[in-house]
Amino acid sequence: MTAGAALRLLPAVDIAGGRADQVVDAGPDDPYEVASRWVEHGADHLHLVDLDRAFGRGDNARLLSTLVERLPVPVQLSGGLADEAAIDWAASTGARRLVLASSVLADADLLERVVSRHGGDRVVVAVDVRAGQVVSRGTTLSLGPLTDVVGSLPVLREVAHVLVADASRDGTRSGADLDLFTAVAGLVAPARVVASGGVATLDDLRALRALVPAGVTEVVLGAALYHHAFTLGEALEVCR
1 MTAGAALRLL
11 PAVDIAGGRA
21 DQVVDAGPDD
31 PYEVASRWVE
41 HGADHLHLVD
51 LDRAFGRGDN
61 ARLLSTLVER
71 LPVPVQLSGG
81 LADEAAIDWA
91 ASTGARRLVL
101 ASSVLADADL
111 LERVVSRHGG
121 DRVVVAVDVR
131 AGQVVSRGTT
141 LSLGPLTDVV
151 GSLPVLREVA
161 HVLVADASRD
171 GTRSGADLDL
181 FTAVAGLVAP
191 ARVVASGGVA
201 TLDDLRALRA
211 LVPAGVTEVV
221 LGAALYHHAF
231 TLGEALEVCR
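Residue numbers for the sequence shown follow our numbering, beginning at 1 and rising by one.
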């Protein structure tokens with residue numbers, strides 16, 4: 001643990017078919033129980049994902065609304081928020097942040113309307129990247145080269161946070177793409193980057209923490225926590 005700004009950690013709870021897609025310590029797959037375990041272990045923010053909405057197979061709207069209401073920490077809500085109806089619904093839950101799907105990057109007018117309506121402090125824009133191309137998660141659609149897509153959207157510099165994911169590393173625990181996160185932070189400043197994908201070790205978290213001055217200020221943790229690469233307590237200690 002060293003002096004300097006802390007890296008905020010957001011444990012992810014992925015939900016499919018009304019159940020948590022991953023569980024803590026072989027515990028119950030009730031999403032509230034899983035989320036509550038992370039809070040008990042020290043999480044002060046959570047990242048909730050509706051996998052069904054993200055992949056076009058229904059949604060968990062009622063459940064997520066209840067979770068946002070019941071959980072004692074701020075929630076970042078994600079998964080399939082790709083049109084105004086879905087985004088407005090997410091806003092109605094009271095979630096602290098709304099993560100817009102990367103496909104929204106193809107519609108600058110929609111993005112500007114949503115930021116105007118819900119505020120740059122609340123709207124988070126997902127930028128999913130594979131091999132230097134911005135992609136629409138869950139599809140083979142490429143929106144174009146990273147620099148071109150992000151550079152063409154000045155509205156990205158009007159939001160507080162951009163969630164950046166290396167789509168090729170998501171869930172793989174193959175190491176965090178520090179160069180990607182740093183590059184996007186430079187493109188979207190003063191917006192700050194929430195890193196996602198690839199974290200495998202506490203050393204990955206130490207490296208990300210070193211990027212806080214460059215604008216990479218938060219990280220979403222999923223597979224590394226659920227597969228016991230380290231505990232949340234250990235991660236929080238490293239990132240303070």
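Even glycine gets a Cβ: it sits at the ideal position worked out from N, Cα and C.
Review point. Given arginine 19, which residues of its chain have a CB within under 6 Å of its CB, disregarding the five upstream and five downstream residues?
Key: Asp29
**Study point:** Contact set for aspartate 203: own chain, Cβ-Cβ below 6 Å, skip 5 residues either direction
**Key:** none
Review point. Between the beta-carbon of leucine 286 and the beta-carbon of leucine 221, is there less than 8 Å?
Key: Nothing about residue 286 can be read from this structure; the chain reaches only from 1 to 240.
Check your understanding: What's the gap between the Cα of methionine 1 and the Cα of leucine 205?
Key -> Caution applies to methionine 1, whose pLDDT of 45 falls short of 50 and renders its modelled position unreliable; the value that the coordinates give is listed next. Near 11 Å, if we compare the C-alpha coordinates of leucine 205 and methionine 1.
Review point. Quick one: Cα of alanine 6 to Cα of valine 188, how far?
Key: 20 Å
Check your understanding: Do alanine 43 and leucine 232 have their C-beta atoms within less than 8 Å of each other?
Key -> yes
Review point. Three-state secondary structure (DSSP) at methionine 1?
Key: At methionine 1 the pLDDT is 45, less than 50, meaning the model places this residue with poor confidence and gives no usable figure here.
Review point. Taking Cβ positions, are serine 78 and leucine 48 nearer each other than 8 Å?
Key: yes
**Study point:** Extent of the continuous alpha helix (DSSP H) run through glycine 151
**Key:** 146 to 151
Point to revise | Inter-stretch contact (C-beta, 8 Å, three-pair minimum) for the stretch 132 to 142 and the stretch 93 to 113 | key: yes
Practice item. Output the boundary residues of the alpha helix (DSSP H) element that contains proline 47. Key: For the record, residue 47 in the displayed sequence is histidine; it is not proline. No alpha helix (DSSP H) holds histidine 47; the beta strand (DSSP E) holding it covers 46 to 50.
Practice item. State yes or no: is the beta carbon of serine 116 nearer than 8 Å to at least one beta carbon in chain D? Key: This model lacks chain D altogether, as it is built from one protein chain only.
Practice item. Buried or exposed for arginine 57, please, with buried defined as at least 16 other CB atoms from any protein chain shown within 10 angstroms of its CB. Key: exposed
Check your understanding: If you count every other CB in all the chains shown that lies within 10 Å of the CB of arginine 97, and 16 or more means buried, which is it?
Key -> buried
Check your understanding: When you compare only the Cα positions, how much space is there between alanine 214 and glycine 186?
Key -> 8 Å
Practice item. Check each candidate in Val159, Pro145, Ser92 and His228 and name the one with the smallest Cα separation from glycine 120. Key: Val159
Review point. Are valine 127 and valine 184 touching if we call contact CB-CB under 8 Å?
Key: yes
Practice item. Check whether the Cβ atoms of leucine 143 and alanine 108 sit closer than 8 Å, and answer yes or no. Key: no
Practice item. Below 7 Å CB to CB, which residues in the same chain sit around alanine 176 once its five sequence neighbours on both sides are set aside? Key: Ala195, Gly198, Val199, Asp204, Ala207 and Leu208
Practice item. For leucine 81, I'd like the list of residues in its chain whose CB is within less than 7 Å of its CB, leaving aside the five on either flank, ordered along the chain. Key: Ile87, Ala90, Leu98, Val99, Leu100 and Ala101
Check your understanding: Can you give the beta carbon distance from valine 164 to valine 129, rounded, assuming they're within the 8 Å contact cut?
Key -> 7 Å
Review point. Roughly how many angstroms lie between the CA atoms of valine 45 and alanine 95, to the nearest whole one?
Key: Just to set this straight, residue 45 is histidine in the shown sequence, not valine. Taking the straight line from one Cα to the other gives about 11 Å.
Point to revise | Within 8 Å, strictly: CB atoms of arginine 113 and histidine 161 | key: no
Practice item. Would you mind listing the alpha helix (DSSP H) stretches within the stretch 175 to 221 that are 4+ residues and don't spill past its ends, in chain order? Key: 178 to 188 and 202 to 209
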